[in-house]
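Numbering (my numbering), first residue to last: 5 to 500.
For glycine and all other residues, C-beta sits at the position ideal for the given N, C-alpha and C.
See below for the structure under consideration.
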Amino acid sequence: MSQPPSPRFDNSYISLPEHFYAQQKPTPVRAPVLIRINSDLAAQLGISTDWLASAEGLQVLAGNEIASGSVPIATAYAGHQFGNWNPQLGDGRAVLLGEIIGLDGQRYDMQLKGAGRTPFARGGDGRSPLGPVLREYVVSEAMAALGVPTSRSLAAVSTGERVMRDRPQPGGILTRICSSHIRIGTFQYFAGKGDNDAVRTLADHVIARHYPAAGETERPYVALLRAVVTRQAELIAHWQSLGFIHGVMNTDNMLISGETIDYGPCAFMEQYDPDTVFSSIDRGGRYAYVNQPGIGQWNLAWLARVLLPLLDADEDAAVQAAQQAIDDYVTLYQSAYYALMARKLGLAARGETSDALVDELLEQMAAAGADYTLTFRRLAELAGPEGELEGDTVAGLFALPESFASWREKWQQALEQQPGPPAERQQQMLALNPAFIPRNHLVEEAIRAAEDDGNLQPFHDLVDRLAAPGDYRAADARYATPATPAQRVHHTFCGT
Ligand code: AMP
Ligand code: MG
5 MSQPPSPRFD NSYISLPEHF YAQQKPTPVR APVLIRINSD LAAQLGISTD
55 WLASAEGLQV LAGNEIASGS VPIATAYAGH QFGNWNPQLG DGRAVLLGEI
105 IGLDGQRYDM QLKGAGRTPF ARGGDGRSPL GPVLREYVVS EAMAALGVPT
155 SRSLAAVSTG ERVMRDRPQP GGILTRICSS HIRIGTFQYF AGKGDNDAVR
205 TLADHVIARH YPAAGETERP YVALLRAVVT RQAELIAHWQ SLGFIHGVMN
255 TDNMLISGET IDYGPCAFME QYDPDTVFSS IDRGGRYAYV NQPGIGQWNL
305 AWLARVLLPL LDADEDAAVQ AAQQAIDDYV TLYQSAYYAL MARKLGLAAR
355 GETSDALVDE LLEQMAAAGA DYTLTFRRLA ELAGPEGELE GDTVAGLFAL
405 PESFASWREK WQQALEQQPG PPAERQQQML ALNPAFIPRN HLVEEAIRAA
455 EDDGNLQPFH DLVDRLAAPG DYRAADARYA TPATPAQRVH HTFCGT
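The following block contains the structure:
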C-alpha cells in the first residue's frame, strides 16, 4: 500500500531576515494520542486526512517528527498586554511548521501550539494543558461556522504528559491554521528596537501576502494601514453582533490579516449586559464587551505609530495620514456593526430607522437581562409570512419579554416595508441568527469530561453540533439552552 502524502510546504517567512524568528524544532512528547482531525479543513487545505490520521501524521502533529519540507520556527513579536508595553514576547510555546497553499490558492500557516519551549519562552514551560486546546478547538471552529474570520483548528492531540498549573493536568497540542500569524505586535517588535528597515521588510511581506491591492497604490504603506484598519473594524463589528468577548485583546493577539486569534479567556455572552467581562485576569474590565471596539482602535493606533516612518517622507504628512486612518476606524466600525445588526433584524439596508431599532432593542435586552443569542433567534422565528416559524423553534427555551411589545410593533412596521418575499427574508434571518453558540457551561462540561474522566464524547458532540449553528433541532435543545444559575460560568482563564 502506498503511503498517504504528507502536506506540501511552501515556506515564505523563513526567507525574511534571521532576526524575525528562531529556528526551533518542537520538543517530542512521550505518548501522543490523536483526539480529533478536522477533515473539512484538511480538504480545503489539500492535506490528506489519511495522512493526518496515520502513524506518521500523529508524530508530526505531536511534534515528535518533522515532516518533509517543514522548517520549524518560533517567531519574534512584542506587544502591549493590558496596556503595558512588553518589548519581547514571541512564540513561547508555539512552533510554526511551515506554510501551505490551500485549494483556494491562499497561503496558510500551520502551527503547533503547546509544542515545547522556544527561545521566547521566558519562564514558561512551552506546553499547554489539554483543556485550553479543546476550548480553542471548539470556539475557533464555532466562530468559523458563524462566518467570522478566524484561526482554525486542524487537529488536537493529547501528549501523554502532565503539565503543571495550579495542579497537574493532561497536556495537549493544537494544530492551528491561519492565513498568517503576523500580529500588530510583530511590527511593534522591530519598531521597539528602532529597526525601521525590518518594519519596512515586514510591511512589504504583509502587502504581498495579505493586501496585494495596497501594493498597486501610490502610497502602499498608507493603503496597508487603511486596509488593516478596515478588516479589524469589520472583525470587531462581527464579534459584537454575536455577543463574542475575546477577553485578551493585547496588540500581540491582533492579527494583521484581520482574523480572530488566541482563544484564551474568550466567551459568548448569555444575558445581554454590555459591561460583561469573563476573563479572570481582566480585573479592570479593560476588555469588557462594550470596550472591544474602542480597544480595537487603540491597538490600531499603535500599528499606525510604528508605520509612521513608512507613511510619508514628510513627517507632518505621515502623521496626518495615520491620524486619518485611525479616525476613519470609527465610521468603518459603526457602519459594519449597524449593517450587520440591521440584517440580523431582517432589514436589508442600514438607515436611521434600523439604527434606532437596534439601539432600542439592545436597551430593552439589557433592562430585561435577555439572552443575547436567543433574543435574535426568536425574532427570526417570528418574522416569517405566517408569523411563527413552522417546525422546531426555541420558543420553549425562551420567551420574548412582554416589555418588548412596543418595540416589536415598530419593528414589524419596518419589516413590512422591506422588499422581497417574507419567507426568503426569514431564511436569511435564521442563517444570521444562530441557535447554537459555544455556551460556556457546555465548553466547561466538555473540558471537565475530557480532563477528569478521559471522556472525549462531549467534546466531539459539541464540535459536531456547533458546525451548523443556524439549523435548530428540538432534539438538540440542551445545546441552545442558557446556563442555569448553578451552571453559569462567571470566570474564564487563559489556561497558559
Ligand atoms: P498568550 O496569553 O497566549 O497570548 O501568550 C502571551 C505570551 O506568553 C506569548 O509570548 C506566549 O508565547 C507566551 N506563553 C504563554 N504560555 C506559555 C507557556 N506555557 N510557555 C511559554 N510561553 C508561553
Ligand atoms: Mg497570544
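Rounded separation between residue i and residue j - CA only
i: Thr190; j: Ala80; result: 7 Å
i: Asp256; j: Leu386; result: 42 Å
i: Leu20; j: Leu246; result: 37 Å
i: Ala321; j: Leu314; result: 11 Å
i: Arg412; j: Ala241; result: 24 Å
i: Ser283; j: Pro425; result: 43 Å
i: Tyr25; j: Ala329; result: 30 Å
i: Asp108; j: Ser407; result: 48 Å
i: Gln521; j: Asp201; result: This structure cannot settle anything about residue 521, because the visible part of the chain is limited to 5 through 500.
i: Gln192; j: Ile265; result: 18 Å
i: Glu165; j: Ile211; result: 41 Å
i: Ala435; j: Trp306; result: 36 Å
i: Pro123; j: Asp113; result: 20 Å
i: Gln48; j: Leu62; result: 20 Å
i: Glu319; j: Asp331; result: 18 Å
i: Asp316; j: Pro224; result: 10 Å
i: Ala490; j: Arg156; result: 32 Å
i: Glu367; j: Ser410; result: 13 Å
i: Val467; j: Tyr342; result: 30 Å
i: Ala195; j: Ile260; result: 16 Å
Residue i and residue j closer than 8 Å at C-beta
i: Ala125; j: Arg97; result: yes
i: His209; j: Leu100; result: no
i: Pro269; j: Phe440; result: no
i: Thr280; j: Tyr293; result: yes
i: Gly102; j: Asn42; result: no
i: Lys502; j: Met273; result: Within the shown structure, residues of the chain are numbered from 5 to 500, placing residue 502 beyond reach of any answer.
i: Ala384; j: Gln430; result: yes
i: Val161; j: Leu38; result: yes
i: Leu116; j: Ile77; result: no
i: Glu222; j: Ala340; result: no
i: Val75; j: Asp129; result: no
i: Thr206; j: Ala218; result: Reading off the sequence shown, one finds Leu at residue 206, where the question assumed Thr. Their beta carbons are not under 8 Å apart, which means Leu206 does not touch Ala218 by this criterion.
i: Asp375; j: Gln275; result: yes
i: Gly262; j: Val226; result: no
i: Arg34; j: Ile451; result: no
i: Asp359; j: Ala478; result: no
i: Thr31; j: Gly87; result: no
i: Arg40; j: His464; result: yes
i: Ala427; j: Pro389; result: yes
i: Ile188; j: Met258; result: yes
i: Val137; j: Val310; result: no
i: Leu361; j: Leu378; result: no
DSSP state of residue i mapped onto helix, strand, coil
i: Thr397; result: coil
i: Val362; result: helix
i: Gly61; result: helix
i: Leu158; result: strand
i: Gly355; result: coil
i: Ala384; result: helix
i: Asn88; result: strand
i: Arg477; result: coil
i: Gly298; result: helix
i: Met273; result: coil
i: Phe440; result: coil
i: Lys117; result: strand
i: Pro136; result: helix
i: Glu145; result: helix
i: Arg492; result: coil
i: Thr205; result: helix
i: Ser283; result: strand
i: Gly189; result: helix
i: Tyr81; result: coil
i: Ile41; result: strand
i: Ala427; result: helix
i: Thr53; result: helix
i: Met369; result: helix
Residue i at chain D interface by Cβ criterion, 8 Å
i: Asn88; result: Reference to chain D is not applicable here, since this structure consists of a single protein chain.
Output the residues surrounding the ligand MG, defined as those with a CB atom closer than 5 Å to any ligand heavy atom, in chain order.
Summarising the contact set, residues whose Cβ lies nearer than 5 Å to any heavy atom of the ligand MG are, in chain order, Asn257, Asp266.
If we count Cβ pairs, one from each stretch, closer than 8 Å, do we get three or more for the stretch 51-65 versus the stretch 8-15?
With the rule of 3 Cβ pairs closer than 8 Å, the stretch 51-65 counts as touching the stretch 8-15.
Counting Cβ pairs, one atom from each stretch, are 3 or more of them under 8 Å apart for the stretch 458-470 and the stretch 421-430?
Segment contact: the stretch 458-470 against the stretch 421-430, fewer than three CB-CB distances shorter than 8 Å; contact not assigned.
Measuring CB atoms only, is the stretch 165-184 touching the stretch 482-492, in the sense that at least three cross pairs come out at less than 8 Å?
No: the two stretches stay apart, fewer than three of their Cβ pairs being nearer than 8 Å.
For the structure I just gave you, are there three or more beta carbon pairs, one from the stretch 462-475 and one from the stretch 296-305, closer than 8 Å?
Segments in contact, no.
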